[in-house]
Each structure stands twice: as C-alpha cells, then as structure tokens.
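Numbering (mature numbering (1 follows the signal peptide of the UniProt record, and there is no 0)), first residue to last: -27 to -1, 1 to 713.
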C-alpha cells in the first residue's frame, strides 16, 4: 500500500561522534519483473560541506561570536541510560568563533567510548569547519584534539590526534552531506561513534553509515594528553579558535557510550533520507547504484530505472542489473524497487566493496551484465526499455570490435554460438530458439529460451551460481551451491555468444508493471562490427513522422538508432565525430522535424548536432559556450518542457559545470526562438560548486514541476568509488529554476 508522507521543510544534518580515527589522511576516493508494494520516498535537502583546508593544518582564527539564544540540558552521567545524553544543546548559532562548553562537558565522559549526534545547517560552506572539538589548548599542543569536521565538497570526517604519542587517526567520506537545496541551507543529521572495544570509528549521515574504520592505534579522549577545552563549532588550538563553524547547531547530543548501528541510523534519519528511491540493501539486493533514468508516461506515471551494481560502482568489470520503480503521485511516493532486467549468475546480495587504496580497484571478473538503460513511450502507449548487454567477463575494452555476434544464413540474421571445447562458432539460434549445427544445417537437441536459458531435450541445463567474499582485503569468487538456469551469456555455459557487446530491449503494455522477455537488436552496424553503446536516458518520438530515436555511440561516431514502423524493425544513422568521443547523447525537438542531439565529448564541452529532416541527416558539431567540464566529459540530460516559459517553448538541461571534476550541478532553461535557436536564459545551481554532480536525469512531472535524479558525487574520482545512498531524487518548480 502507498502511504502519504509529509513534505519536509528543512533538511537536517545530525552528526554522531563515537569513535576516533586512524591515520591522518582525509578519506576521499574518486568512478525483474514482479510488481512490488510501494515504498515511501520523501524529498531531501542538502548539507553544507567543508573547505579544502586539511583538519591537520595549523590555520587558526579568532572570530567574535554573535549573540544567540541557547537552550541547555545537563544530565547526571551516573544515572544515564545508554541512549540518554549527558549533555544536550539546542539552537546554537555560530559565526566562526565557537562556543566554550568545557564546564558543562568536563568530567562528563566517564567511559572510553562516546557518541555525539549533531543536527546542523551551515550559513556558509567556505573553509574547513568543525562541528565540535575537544583539545589540549596549550601552546605547542595544537595537534592534540578530537574534532568532527566538514569540507566544502560535502565530506564528513573526524580526527583524533595526540602530540605526545604522535598518533593521528582520521576517518572521512566524501559526498556525505548536502549543502543547499533551492538556494536554502539544508539541515543534515550526522553521527560519529567511537568504540574502543572494536577499535573503530564510525560516521553516519542522514540515516546512512557512510564509513567505519578499524585502527590499531585507537585513541579515546583519555588517551589524548592534557585535554582542557571542549568547544562547539570549532577547535581551540594553541589558544586560538580553528576550523570555525558558520551556521546553526539545531541540536547536539553527547552520549557516554558507543551506540549501536541501528540506533544511530534511526537517530540520523531525516528528510534527506527520504530523497532516495533506491537505497543500499533494498529489494534489489544491491548496495550501489549508478546511471539514473526518469520518464513520465502518458498516464501520469513517473518511471525510474537505474543500474543496480553489486561489485561496487565500477562500470566494468562488474555484476550489474537494471532496477526500476515508479510513482503515481507526482514523485511523492515510489514503489519498492524490482529487478526488471537481470542475470542470476551471481547472487544479488549486498556486498561491502572496499574503498581503501589497494582494495577499491578489485572487480567482479565474471558477471553477465545489463547496463545503461534508455526508456521511450511509443505513440500506441507501449513502453520500451533498452539496455546494453555484456557477456560474463566482457568489458568495453575487451569487447570484440570486428564481430557483431551474428551470422547471416539465407538472408536471415542468427545469433551464433560456440560450444564448449570448440574453437569456432559452429552453431546458431534459429526459429523458436532451436540451436542448429551450421556444419550440417540440422537442428540439435538444444534450444535457447526467451531469456537466453539453455535447454537440452526441453529440460533446462543448470550451472552453479557465484558469490563473492572478502577476507583481509582479498576477493574470492566461488560457486555457492545454488543451481540456476544455464545461460548463453554466462561464463560456465555449454554454449556461449561471441564476447562482444549487445543491445536488448523489453516492452511493457501496462506502463512498467510487467515486461516482455528481452529481444536483442540485430547487427545494425553490420555483421563485422560490434553493436554501439547506448547513451543512457531517454529516447524520443519525432512529432512529424512518428520516428523513434534512441541515442547510442561507438567512440568515433554517433549511432542514432531509429524505427519508422513503431519498433517492428530498427536501423541506425551513423554520424562521424572527432576521434575518441564518449558521445552519450540525448535528444530534444525544437519544432516538427527539427531535432538536436546534445552529447558528452572528450574536449570538456557539450556538443550538439542539429537535424532538420527528423534525424535523417545531421549537422557538424557545435558547442555550448557556457559549460566547461574536464576533458573526459560527463553524461547530461535534456528534455522538452510542455508549458510556455516567458511566452516561449522551452527545453531544460542538467549538467555539471566544472573543470575540476564532475561537480557544480546546474539546471539551465533554454527558450526556443522562432528560428530554432535557443536562448539559454536561466540557470540554477543544484548545490554548492564543489559538491559532486555526475550522471543525471530530468523529467517533467504531471503537475509540470521538474523531477531530477542525479549522482551526488564525482563518479570519475577514484576517491569517490563505492559509496552508498548518493543518488537522490528532488523536484523543482520552474520558478525555483529561474532563481540562482
């Protein structure tokens, strides 16, 4: 059943501090078919980050504290239950000077363990800012302290240092909190927990445990010599306030124990948490998600698809399925996610993929994969969803380039197979799935079903499913004993396809509640070329001809897949491009017959091609002058808007806009002129400029607001691999997008 949820007013940040960290190095790292009951999803607001200054720096500043109203509750620690704070404060507004709470907290921490929970919002994200600090404030002891800090990229961290023992423990994770949403500061809820028994420091943000680190040289407060100063909103170092916080500590609680994980998750859950359609360890069995897609169907249903990635956030090699969810109330609530395109050669269970250097580059080596979905609704209301298909162990790099995977016999294209032990592809899948031996042109006892499962004499063959485990940062892939149907895309199959990439699509006649079996596209690039790669997002239906257009690319060409017979057959229009472009593209229609394709490039610019004949011929690339990204580029989203803006037809564009990584997400409004040029009149910053913003997707909701789902992290950065719950969904009114 769907439930109503309240709209949030402010998004809160709560930090729980319960452990001290190891090694002073800031933690940053760089890149289905059953209907389920609905799950509540609520909009989220952003948090404020910390600056580029390291918490180990000696930059100090003395700032005058502005007058403020503070509510204080002090409790006797001797009567404190595990979940009762020894000190709680509310509504502490600071402007960089901090507040001394030494008298209230000194001698209150009687245990070696502790937890601090902080709900806050920032008035400025600039500079490294500490939410709380415990220190030896004497000269020469500036490196003896514990703090909880923020950076201006959404990183949350904590550090425990002691000068006398020369120990320095630091734990952090990028993209943990939000900065602003609709130009208003977001209230975040974060947490840090220190556990001396486990020797771990754990950080939580907005209902997610973002990092836990075990350290050998664990420090608790008692281990730091000469502690004499307890401060809110800063750290007293050598007599001066450092890392001054700007904003309001809406609520801060100090606990004299290490609270358990579920308690802390509950304490830090807030409105930000509700902005996730897909969450770690949800019904998909995945901890990690990338490549979101949104599409609003003609019946008002808002549909979402996404990569559910099991082996971390890697593209290849990995184990990836396509998950989906939908909303029938303008994106307020969403159904529980389900796996709509999936292989089961690997168990779909949540894995804790390592983020540390030396472990983060480990990959699942043998998973068959669906990746990068594209959605389009045809004029007859049937929905198509496309995805790239990769056989087990095949990546973009390893995919055979000079083979489509098909064979032509008597004018027909058939998928070819190689039998285990053979060196040649002597078999093809013919009509009704029958496997033929091409050497004799006779049927065998084998057949392949609509989901690529292999049968012998009508009975399914099976293989053992794989699982993955980690021990001492070593990955092991092993057969787990579960029998699954053998499949031509699996590494242990009796018959295998050519190790190249394919494109599949499925159809739905009930707007995404149920789906057909997958169909592979024929060799649209020719027998001796592999398939193109999809540009994830949306296809379009050209209004004057009804032509269906699906974006794809090869690395040196745009390959616009199209159908002029409502999807009964498919062709491709190849448009040469400068070398090595990762030309993931999206289409908009400026007027009947006039289409533009906006695409990622490898020169840091967004390029666009124009067709004035419904996609038959295309212009040379032109570039948007107002967007600059790193040379490797990023996918973008662009859609037509159904209503007039300032009296004109309009398009909406979502893109990062930073040469310093996938950051600084912006939404642009372009007004279409009578001559089919675009006046890019308005833009809106989604969050602060240093916050991550990678792949994104836009849709117009039935109420004419704009829905946005995006990777709120830098998916190219090695320091930001394998992070949970970083693909939120939010909404805007057009009036919001006109403001910046």
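Glycine is no exception: its CB is placed at the ideal position from the N, C-alpha and C atoms.
Option nearest residue 332 by Cα separation, candidates 444, 123 and 414: Your numbering for residue 332 matches position 359 in the chain shown. The residue with the shortest Cα to Cα distance from residue 332 is 444.
Residue 639 beta carbon less than 8 Å from that of residue 652: Counting from one through the chain shown, the residue named residue 652 turns up at place 679. Counting from one through the chain shown, the residue named residue 639 turns up at place 666. Their beta carbons are not under 8 Å apart, which means residue 652 does not touch residue 639 by this criterion.
Per DSSP, what are the beta-bridge partners of residue 152 in this structure? Here the question's residue 152 lines up with position 179 in the chain shown. DSSP lists no partner for residue 152.
Quick check on residue 414: buried or exposed, where buried means 16 or more other Cβ atoms within 10 Å of its Cβ? Against the chain shown, residue 414 aligns to sequence position 441. Classification for residue 414: exposed.
Is residue 265 near residue 693, with beta carbons less than 8 Å apart? In the chain shown, the residue the question calls residue 265 occupies position 292. In the chain shown, the residue the question calls residue 693 occupies position 720. No, Cβ-Cβ distance for residue 265 and residue 693 is not below 8 Å.
What ranges does the alpha helix (DSSP H) occupy inside the region 503 to 557, keeping only unbroken runs of at least 4 residues that lie completely in it? Inside the region 503 to 557, DSSP marks no whole alpha helix (DSSP H) run of 4 or more residues.
Using the rule of at least 16 other Cβ atoms within 10 Å of the residue's Cβ for burial, across every protein chain shown, is residue 717 buried or exposed? Outside the displayed range of the chain (-27 to 713) lies residue 717, so it cannot be described from this structure.
Do residue 278 and residue 348 come within 8 Å of each other at the CB atom, strictly closer than that value? On the chain shown, position 375 is the one that residue 348 refers to. On the chain shown, position 305 is the one that residue 278 refers to. Yes, the pair counts as a contact, with Cβ atoms nearer than the cut-off.
Beta-carbon separation (whole angstroms), residue 194 vs residue 107, contact threshold 8 Å: Here residue 194 corresponds to residue number 221 of the chain shown, with the count starting at 1. Here residue 107 corresponds to residue number 134 of the chain shown, with the count starting at 1. Their Cβ separation, rounded to whole angstroms, is 6 Å, which keeps residue 194 and residue 107 in contact under 8 Å.
For residue 648 and residue 237, the rounded distance between their alpha carbons: Position 264 of the chain shown, counted from the first residue, corresponds to residue 237. Position 675 of the chain shown, counted from the first residue, corresponds to residue 648. Cα-Cα distance, rounded: 57 Å.
Quick check on residue 474: does DSSP put it in helix, strand or coil? If you number the chain shown from 1, residue 474 lands on position 501. If DSSP states are grouped into helix, strand and coil, residue 474 belongs with coil.
Going by DSSP, what residues sit across from residue 714 in a beta bridge? Residue 714 is absent from the structure shown; the chain starts at -27 and stops at 713.
Based on the DSSP secondary-structure assignment, which residues constitute the bridge partners of residue 596? Within the chain shown, residue 596 is the residue found at index 623, counting from 1. Beta-bridge pairing links residue 596 to 580.
Closest by C-alpha distance to residue 465, when choosing among 494, 482 and 434: The count along the chain shown starts at 1 and reaches residue 465 at position 492. The option with the nearest alpha carbon to residue 465 is 434.
Can you list, in chain order, the residues of its chain with a C-beta nearer than 6 Å to that of residue 561? Leave out the 5 residues immediately preceding and following it. On the chain shown, residue 561 is found 588 positions in, with the first residue counted as 1. Closer than 6 Å at the Cβ level, and outside the excluded window around residue 561, lie 569, 611, 613 and 624.
For residue 620, count the other beta carbons within 10 Å of its own beta carbon; 16 or more makes it buried, fewer makes it exposed. Which is it? As a position in the chain shown, residue 620 is number 647, starting the count at 1. Answer is exposed; the Cβ neighbour count stays below 16.
State yes or no: is the C-beta of residue 250 within less than 8 Å of the C-beta of residue 163? Along the chain shown, read from residue 1 onward, the residue named residue 250 stands at position 277. Along the chain shown, read from residue 1 onward, the residue named residue 163 stands at position 190. No, the Cβ-Cβ distance between residue 250 and residue 163 is not below 8 Å.
Taking 8 Å as the cut-off, decide whether the C-beta atoms of residue 505 and residue 536 are in contact. The residue given as residue 505 occupies position 532 in the chain shown. The residue given as residue 536 occupies position 563 in the chain shown. Cβ distance not < 8 Å, so residue 505 and residue 536 don't count as in contact.
Run the CB neighbour count on residue 490, radius 10 Å, all protein chains shown included, and call it buried at 16 or more, exposed below. In the chain shown, counting from the first residue as 1, residue 490 sits at position 517. Exposed is the call here.
In angstroms with no decimal places, state the Cα-to-Cα distance between residue 752 and residue 554. This structure cannot settle anything about residue 752, because the visible part of the chain is limited to -27 through 713.
Report the option in 543, 258 and 700 whose CA atom is closest to the CA atom of residue 499. The count along the chain shown starts at 1 and reaches residue 499 at position 526. Cα-wise, what sits closest to residue 499 is 543.
For residue 557, count neighbouring Cβ atoms within 10 angstroms of its own Cβ and tell me buried if that reaches 16, exposed if not. As a position in the chain shown, residue 557 is number 584, starting the count at 1. Label assigned to residue 557: buried.
How about residue 593 and residue 515: are their beta carbons less than 8 Å apart? Along the chain shown, read from residue 1 onward, the residue named residue 593 stands at position 620. Along the chain shown, read from residue 1 onward, the residue named residue 515 stands at position 542. Not a contact, by the Cβ cut-off of 8 Å.
Which two residues bound the contiguous beta strand (DSSP E) that contains residue 182? Within the chain shown, numbered from 1, the residue matching residue 182 stands at position 209. Its beta strand (DSSP E) spans residues 181 to 187.
What is the residue span of the alpha helix (DSSP H) that residue 486 lies within? For the purposes of this step, residue 486 is taken as the residue at position 513 of the chain shown. Here residue 486 belongs to no alpha helix (DSSP H), and DSSP marks it neither H nor E.
What does the Cβ neighbour count give for residue 114, buried or exposed, with the cut at 16 atoms within 10 Å? Taking the chain shown and counting its residues from 1, one reaches residue 114 at position 141. By the neighbour-count rule (16 or more Cβ atoms within 10 Å), residue 114 is buried.
Leaving out five residues on either side along the sequence, give the residues of the same chain with a beta carbon under 7 Å from the beta carbon of residue 482. Position 509 of the chain shown, counted from the first residue, corresponds to residue 482. Excluding positions up to five away in sequence, the list reads 355.
Presumed contact (8 Å Cβ cut-off) between residue 180 and residue 241, rounded CB distance: As a position in the chain shown, residue 180 is number 207, starting the count at 1. As a position in the chain shown, residue 241 is number 268, starting the count at 1. Yes, they are in contact, since the Cβ atoms of residue 180 and residue 241 sit about 5 Å apart, within 8 Å.
Excluding sequence positions up to five away, which residues of its chain have a Cβ less than 7 Å from the Cβ of residue 663? One-based indexing of the chain shown puts residue 663 at position 690. For residue 663, where only same-chain residues beyond five positions count, the Cβ hits under 7 Å are 22, 125, 126 and 636.
Compute the distance between the beta-carbons of residue 304 and residue 214, then report whether it is under 8 Å. Position 331 of the chain shown, counted from the first residue, corresponds to residue 304. Position 241 of the chain shown, counted from the first residue, corresponds to residue 214. Their beta carbons are not under 8 Å apart, which means residue 304 does not touch residue 214 by this criterion.
Entirely within the region 217 to 269 and at least 3 residues each: give me those beta strand (DSSP E) ranges in chain order. As far as the region 217 to 269 is concerned, its whole beta strand (DSSP E) runs of at least 3 residues are 219 to 228 and 261 to 269.
Can you give me the C-alpha to C-alpha distance between residue 93 and residue 222, rounded to a whole angstrom? What you label residue 93 is simply residue 120 of the chain shown in a count that begins at 1. What you label residue 222 is simply residue 249 of the chain shown in a count that begins at 1. Roughly 4 Å between the two C-alpha positions.
Sheet register partners of residue 565 (DSSP bridge): If you number the chain shown from 1, residue 565 lands on position 592. Partner(s): none; residue 565 has no beta bridge.
Please name the residue, chosen from 101, 407, 677 and 472, that lies closest to residue 616 on a Cα-to-Cα basis. If you number the chain shown from 1, residue 616 lands on position 643. Here the closest residue by C-alpha is 677.
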